[in-house]
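Trainee: Here the sequence shown stands for residues -25 to -1, 1 to 248, where the numbers follow mature numbering (1 follows the signal peptide of the UniProt record, and there is no 0).
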Amino acid sequence: MKKYFSKIIALAVFTSLMLILSACGAGGSEGDKGASSEKKETLKVVTNAAYAPFEYIDKGKVVGFDIDFINAVAKEAGYKVDIKHTGWDPMFAEVQRKQADLAASSVSITEDRKQTYDFSVPYFESTLMILVPEDSDIQNALDLKGKKVAVQNGTTGQTAAEKILAGDGTVKKFEDNVLAIMELLNGGADAVVADNAVVNEYIKNNPDKKLKAIKDPENFDSEFYGLMFAKGSKLKPELDKAINTLFENGTYSEIYKKWFGVEPDIDILKNQQ
């Protein structure tokens, strides 16, 4: 009898252990699935946060049109983002060395840059403008000849200014547009050449500086911004798809209107693809 009861007790203990292990295994599996489904890869995004209204620092945080845009693109593609302000030149270096996944910083897509980097489909149309004092006699890009022109180093503004001046004048290069505009205000330059949104934003926010913007579509072609990746990045197809989804579902238009107050011309962007 004692032997019989011993067998029963042993069987009961064994059964209990199996049930406990089974329950733990099932719970652990569900927990693992839950963690896996909620976990998102975080993309390292670099930017030059000195380019309002696209990217700038407000109360210690990087904000702007490009920041809202890349957050929306990443969310649509199933990623999180970690955005880091590096400055303009270091941003290019980090992407090229694959120390960052991509750059979101109003980077114009050019044939020269495409030799070293991959770009997303275009997400913003821009053109260069000339910023001058209200009493300036400069009326178009050709009037810049013989003048001192301040630009942000490494930008299409620099390229355009150097092409127009062609040695007849001085191109003064600065780390960012804020410093270029300071040079203008301090009398060290006759004009600044920069993207239209940057020029217009500065005039709007600084009416006391008595500056005006000059358009010149005959000498300044439209440019298009793209997210910038290292060559061969596998992220490009995913984020291209996400960008086009934002074009279609209205999210892009909402972000654009928030920052610029008007509807974007999405057809122009699509035609560039």
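Cβ coordinates follow ideal geometry from the N, Cα and C atoms, glycine included.
Measure from the alpha carbon of F94 to the alpha carbon of each residue in Y200, K147, Y227, then state which is nearest.
Mentor: For F94, the nearest C-alpha among the options comes from Y200.
Trainee: How many angstroms separate the CA atom of Y54 from the CA atom of Y227?
Mentor: Taking the straight line from one Cα to the other gives about 17 Å.
Trainee: Give the range of the beta strand (DSSP E) segment to which D170 is assigned.
Mentor: Counting along the chain, the beta strand (DSSP E) containing D170 begins and ends at 166 to 170.
Trainee: With DSSP collapsed to three states, give me the class of L214.
Mentor: Three-state result, L214: helix.
Trainee: For the segment 137 to 144 and the segment 205 to 222, state whether three or more C-beta atom pairs, one from each stretch, are separated by less than 8 Å.
Mentor: The segment 137 to 144 is not in contact with the segment 205 to 222.
Trainee: If contact is defined by three or more beta carbon pairs under 8 Å, each pair taking one atom from either stretch, is the segment 165 to 185 in contact with the segment 119 to 127?
Mentor: With a cut-off of 8 Å, the segment 165 to 185 and the segment 119 to 127 count as touching, because enough Cβ pairs lie within range.
Trainee: Give every residue of the same chain whose Cβ lies closer than 6 Å to the Cβ of Q248, excluding the five residues on either side of it in the sequence, and list them in chain order.
Mentor: Within the same chain, Q248 has close Cβ partners V96.
Trainee: Three or more C-beta pairs under 8 Å: does that hold for the segment 59 to 75 against the segment 175 to 184?
Mentor: Short answer: they don't touch.
Trainee: Taking its Cβ as the centre, do 16 or more other Cβ atoms sit within 10 Å of T131, making it buried, or is it exposed?
Mentor: With 16 or more Cβ atoms within 10 Å of its Cβ, T131 is classed as buried.
Trainee: Go ahead and pull the three-state DSSP assignment for E16.
Mentor: Residue state, collapsed to three classes: coil.
Trainee: Could you say if the segment 72 to 85 and the segment 18 to 35 meet the contact criterion of at least three C-beta pairs nearer than 8 Å?
Mentor: Contact holds: three or more Cβ-Cβ distances are below 8 Å.
Trainee: Under the three-state reduction of DSSP, which class applies to T226: helix, strand or coil?
Mentor: T226: helix per DSSP, three-state reduction.
Trainee: How would you write the range of the beta strand (DSSP E) that T145 sits in, first residue to last?
Mentor: Taken as a continuous stretch (DSSP letters only), the beta strand (DSSP E) holding T145 covers 145 to 149.
Trainee: Look at the alpha carbon of N224 and the alpha carbon of F99, and state the distance between them as a whole number of angstroms.
Mentor: Cα to Cα, the separation comes out at about 17 Å.
Trainee: Provide the residue span of the beta strand (DSSP E) that contains K187, from first to last.
Mentor: Where K187 is concerned, the enclosing beta strand (DSSP E) stretches over 186 to 189.
Trainee: Among A188, K147, V70, which has the Cα closest to the Cα of Q114?
Mentor: Closest by alpha carbon: A188.
Trainee: Does DSSP put A(-14) in a helix, in a strand, or in coil?
Mentor: Legend: pLDDT at A(-14) = 46, less than 50; position of this residue unreliable, no value from coordinates given.
Trainee: Going by alpha carbons, who is nearest to D87 out of S80, A47, T134?
Mentor: Closest by alpha carbon: T134.
Trainee: Jot down the residue ranges of each uninterrupted beta strand (DSSP E) in the segment 38 to 75, minimum 3 residues, whole runs only, in chain order.
Mentor: Listed in chain order, the complete beta strand (DSSP E) runs (minimum 3 residues) inside the segment 38 to 75 are 55 to 60.
Trainee: Please report the Cβ distance between F29 and S83, rounded to the nearest whole angstrom; I am assuming they are in contact, meaning their Cβ atoms lie under 8 Å.
Mentor: Not a contact, Cβ separation roughly 12 Å.
Trainee: Which of helix, strand or coil does DSSP assign to I178?
Mentor: Three-state DSSP puts I178 in a helix.
Trainee: So, are the CB atoms of A205 and V70 less than 7 Å apart?
Mentor: Against a cut-off of 7 Å, the Cβ pair of V70 and A205 comes out as a contact.
Trainee: Could you check how far apart the C-beta atoms of P108 and K185 are, in whole angstroms? I think they sit under 8 Å.
Mentor: 6 Å between Cβ atoms; contact.
Trainee: List in chain order: all unbroken beta strand (DSSP E) runs of 3+ residues lying wholly within the segment 103 to 133.
Mentor: For the segment 103 to 133, whole beta strand (DSSP E) runs of length 3 or above, ordered along the chain, are 123 to 127.
Trainee: Give every residue of the same chain whose Cβ lies closer than 7 Å to the Cβ of F195, excluding the five residues on either side of it in the sequence, and list them in chain order.
Mentor: Result list for F195: T102, L103, A116, A135, in chain order.
Trainee: Taking the beta carbon of Q127 as the centre, do at least 16 other beta carbons fall within 10 Å, making it buried, or is it exposed?
Mentor: Buried, since its Cβ has 16 or more Cβ neighbours within 10 Å.
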